[in-house]
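Below: the structure, in structure tokens.
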Amino acid sequence: MSTRITDLRNIKRRLYLSTVHKELSSTPLHAKIPLFMIKRKIWCNLCIDLVAFTNEIFKGAVFQSLDGITVSANCKLRKIFTLKYKPQDTADKDGMFKLLSRFFSSPF
């Protein structure tokens with residue numbers, strides 16, 4: 001899955017999220033983010049904090065807008081939607097926010 005975002009300086013950037021990536025890597029315009037926590041053959045909820053990702057991965061850039069979402073590979077989608085704030089309840093209490101925050105604790 002990839003997302004196209006724009007920051008407050010009107011720079012277009014991409015976030016590539018995939019189970020294929022083994023480690024986080026980034027350039028000024030692109031970031032490859034591994035989805036190691038995704039389990040196969042079950043439904044899962046994936047919440048992505050684009051404001052935090054943009055700020056942390058692109059060294060202080062400020063998220064402005066989500067311009068597009070591209071889903072590829074072999075997967076099925078039930079819903080895609082955006083939220084202004086973190087959802088109140090997740091299946092495992094910490095949800096993906098805790099798992100994905102591990103990337104921000106290590107240097108890029």
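For the sequence shown, full-length UniProt numbering begins at 1 and goes up steadily by one.
Even glycine gets a Cβ: it sits at the ideal position worked out from N, Cα and C.
Note that the structure is predicted; figures quoted are calculated from it, not measured.
Between residue 9 and residue 67 a beta carbon distance of about 14 Å is seen, past the 8 Å cut, so the two are scored as non-contacting. For residue 27, there is no enclosing beta strand (DSSP E), as DSSP marks it with neither H nor E.
When only Cα atoms are considered, residue 18 and residue 39 end up about 12 Å apart. In this structure residue 48 is not in contact with residue 26, their Cβ atoms being roughly 15 Å apart against a cut-off of 8 Å.
Residue pairing from DSSP places residue 16 in a beta bridge opposite 2, 32. A straight-line Cα-Cα distance of about 15 Å links residue 88 and residue 81. Per DSSP, the continuous alpha helix (DSSP H) segment holding residue 57 begins and ends at 50-57. Between the beta-carbon of residue 15 and that of residue 33 there is about 6 Å, and that keeps the pair under the 8 Å contact cut.
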